[in-house]
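**Student:** One structure is given below, represented as structure tokens, and several questions about it will come after.
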Amino acid sequence: MATSDVVDSSIPLVDVHRHLDGNIRPELIWSLANKYHLALPADSLDSLKSALIIQDQTPNLLSFLDKLNCGVSVLADAKACYDVAYDNVMSANKEGITVAELRFSPRFMSQTFCLSMHEVTEAVVSGVEDANRDHGSEHRLIGIMSRTFGTDACFEELAALLSYKQHLVAIDLAGDEKQFPGHLFVEHFRQVKESGLGVTVHAGEADGAQSVWDAIKLLGAQRIGHGVAIAEDESLMDYVGEHNIAIETCLTSNYQTATWLNYRSHPIRKFLNAGLNVSLNTDDPAISGITIHDEYQKARDLVGLSIQQTKQLQLNGVSQLFATKKPTE
Numbered sequence: 001m002a003t004s005d006v007v008d009s010s011i012p013l014v015d016v017h018r019h020l021d022g023n024i025r026p027e028l029i030w031s032l033a034n035k036y037h038l039a040l041p042a043d044s045l046d047s048l049k050s051a052l053i054i055q056d057q058t059p060n061l062l063s064f065l066d067k068l069n070c071g072v073s074v075l076a077d078a079k080a081c082y083d084v085a086y087d088n089v090m091s092a093n094k095e096g097i098t099v100a101e102l103r104f105s106p107r108f109m110s111q112t113f114c115l116s117m118h119e120v121t122e123a124v125v126s127g128v129e130d131a132n133r134d135h136g137s138e139h140r141l142i143g144i145m146s147r148t149f150g151t152d153a154c155f156e157e158l159a160a161l162l163s164y165k166q167h168l169v170a171i172d173l174a175g176d177e178k179q180f181p182g183h184l185f186v187e188h189f190r191q192v193k194e195s196g197l198g199v200t201v202h203a204g205e206a207d208g209a210q211s212v213w214d215a216i217k218l219l220g221a222q223r224i225g226h227g228v229a230i231a232e233d234e235s236l237m238d239y240v241g242e243h244n245i246a247i248e249t250c251l252t253s254n255y256q257t258a259t260w261l262n263y264r265s266h267p268i269r270k271f272l273n274a275g276l277n278v279s280l281n282t283d284d285p286a287i288s289g290i291t292i293h294d295e296y297q298k299a300r301d302l303v304g305l306s307i308q309q310t311k312q313l314q315l316n317g318v319s320q321l322f323a324t325k326k327p328t329e
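In this note's numbering, the protein residues as written are 1 to 329.
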């Protein structure tokens, strides 16, 4: 089990912003490509790792997201989706994560081979639940609507996800934040609220503070994915604090996507100092080449947070879990 001297072992370690379809390990991609006789942009596992794992910064978020396409390109059938889900649970367990809320987009996972989104959702649910049963873990699922594919596609994706709502804890909106702003998805989230699932929205990552306002006011977001733009608007900072809107921060991802240009000035410190409910998470660990422990090390060594502050991040993460049952210490 991976460990670090920053993580407090007396507190449950959670990861509430972790993309299942952004955490397809190169080894699994290589194995699935061989199984289904699929071409890859590499002639060896080592060269595949070099091509997929980001070493520094990409020009922008969309360039970063392009790296994820290789992983979903080998999802040739439902069994491949099941294997990815099962492997995600194993990866979280290996890192010593008590609870990971693994989020996935059935539309994104189905795109290469035009799989049924219902079939993909069922496979992911089964993979996570079987792995939890086999290994005594309690990781959970968040369904994603991929706004990049448009509003109609998101209605279809939502329908597939809500068919399995008893196996999910929340619905997320992710993808191209600038081209598909929050006001286009009001009806989608009306349906989410009626379902009783929690609401988290990627906002304030590739766009500004207004995107966060819209996520909260129009879509009913209880948690904001990334949300670095919150730091630009003091009135938004105040509102987020007063209404306990949670912020899911991902340090390495924010640096690699050029959402924030350096670690030292990342607003996670500002959020903590203001008493906001901010947690620390991995986002797409296989592409970023990190574990949750790496994130905590960077929070201390590169951002300069104190041990008291990293402990607060852990506590905040536990408080942010959508499921009503909290992990035991």
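Where is the CB? At the ideal position from N, CA and C, for every residue including glycine.
Pick helix, strand or coil for HIS243, following the three-state DSSP scheme.
**Tutor:** For the purposes of this step, residue 243 is taken as the residue at position 243 of the sequence shown. It is coil, neither helix nor strand.
**Student:** Check whether the Cβ atoms of VAL14 and GLY317 lie closer than 7 Å to each other.
**Tutor:** Position 14 of the sequence shown, counted from the start, is the residue given in the question as residue 14. Position 317 of the sequence shown, counted from the start, is the residue given in the question as residue 317. Their beta carbons are under 7 Å apart, which means VAL14 touches GLY317 by this criterion.
**Student:** Please go through the same chain and pick out, in chain order, the residues whose beta-carbon is closer than 7 Å to the beta-carbon of GLY198, but skip the five residues on each side of it.
**Tutor:** In the sequence shown, counting from the first residue as 1, residue 198 sits at position 198. Result list for GLY198: VAL169, ALA170, GLN222 and PHE322, in chain order.
**Student:** Tell me, to the nearest whole angstrom, how far the beta carbon of ILE54 is from that of ILE287; I am working on the premise that it is less than 8 Å.
**Tutor:** Within the sequence shown, the letter at position 54 stands for residue 54. Within the sequence shown, the letter at position 287 stands for residue 287. About 6 Å separates the two Cβ atoms, so the contact holds.
**Student:** How far does the beta strand (DSSP E) with ARG264 in it reach, from first residue to last?
**Tutor:** Along the sequence shown, read from residue 1 onward, the residue named residue 264 stands at position 264. Run containing ARG264: none; DSSP gives neither H nor E here.
**Student:** Using DSSP with H/G/I as helix, E/B as strand and the rest coil, what is THR310?
**Tutor:** As a first step, residue 310 is located in the sequence shown; it is residue number 310 there, counting from the start. Three-state result, THR310: helix.
**Student:** Looking at the strands, I want to know which residues DSSP matches up with ILE142.
**Tutor:** As a working note, residue 142 is residue 142 in the sequence shown. Answer is ARG103 and ALA170, bridged to ILE142.
**Student:** With THR252 as the anchor, note down where its alpha helix (DSSP H) starts and where it stops.
**Tutor:** Residue mapping note: residue 252 aligns to position 252 of the sequence shown, counting from 1. 251-256 is the extent of the alpha helix (DSSP H) around THR252.
**Student:** Distance, Cα to Cα, GLU234 vs HIS266?
**Tutor:** Position 234 of the sequence shown, counting from 1, holds the residue named residue 234. Position 266 of the sequence shown, counting from 1, holds the residue named residue 266. Whole-angstrom Cα-Cα distance: 16 Å.
**Student:** Taking C-alpha atoms, which residue in ASP284, SER306, LEU280 and ASP301 lies nearest to PRO12?
**Tutor:** Taking the first residue of the sequence shown as 1, we reach residue 12 at position 12. When only C-alpha atoms are compared, the closest one is LEU280.
**Student:** Name, in chain order, the residues that DSSP records as bridge partners for HIS118.
**Tutor:** Position 118 of the sequence shown, counted from the start, is the residue given in the question as residue 118. For HIS118, DSSP assigns no beta-bridge partner whatsoever.
**Student:** Considering only residues of the same chain and omitting the five flanking positions on each side of GLU295, which have a CB-CB separation below 8 Å?
**Tutor:** In the sequence shown, residue 295 corresponds to position 295, counting from 1. Cβ within range, chain order: CYS250, LEU251, THR252, LEU280, ASN281 and THR282.
**Student:** Taking a contact to mean a Cβ-Cβ separation below 7 Å, would you say ALA92 touches ALA85 in this structure?
**Tutor:** Locating residue 92 in the sequence shown gives position 92, counting from the first residue. Locating residue 85 in the sequence shown gives position 85, counting from the first residue. No, the pair does not count as a contact, with Cβ atoms beyond the cut-off.
**Student:** Within this structure, are the beta carbons of GLY241 and LEU276 separated by less than 7 Å?
**Tutor:** For the purposes of this step, residue 241 is taken as residue 241 along the sequence shown, with counting starting at 1. For the purposes of this step, residue 276 is taken as residue 276 along the sequence shown, with counting starting at 1. Yes, these two residues count as a Cβ contact at 7 Å.
**Student:** Quick check: the Cα distance between HIS183 and THR200, rounded to an integer number of angstroms?
**Tutor:** In the sequence shown, residue 183 corresponds to position 183, counting from 1. In the sequence shown, residue 200 corresponds to position 200, counting from 1. The alpha-carbon atoms of HIS183 and THR200 are separated by roughly 15 Å.
**Student:** Return helix, strand or coil for LEU236, following the three-state DSSP convention.
**Tutor:** Indexing the sequence shown from 1 puts residue 236 at position 236. Of the three classes helix, strand and coil, the one that applies to LEU236 here is helix, per DSSP.
**Student:** Looking at the structure shown, is GLU248 part of a helix, part of a strand, or coil, going by DSSP?
**Tutor:** In the sequence shown, counting from the first residue as 1, residue 248 sits at position 248. GLU248: strand per DSSP, three-state reduction.
**Student:** When you compare the stretch 102-121 with the stretch 14-24, are there three or more beta-carbon pairs, one atom per stretch, that lie closer than 8 Å?
**Tutor:** yes
**Student:** Alpha carbon to alpha carbon, how far is HIS293 from HIS226?
**Tutor:** If you number the sequence shown from 1, residue 293 lands on position 293. If you number the sequence shown from 1, residue 226 lands on position 226. Cα-Cα distance, rounded: 18 Å.
**Student:** DSSP three-state call for ALA203: helix, strand or coil?
**Tutor:** Counting from 1 along the sequence shown, the entry for residue 203 is found at position 203. Strand.
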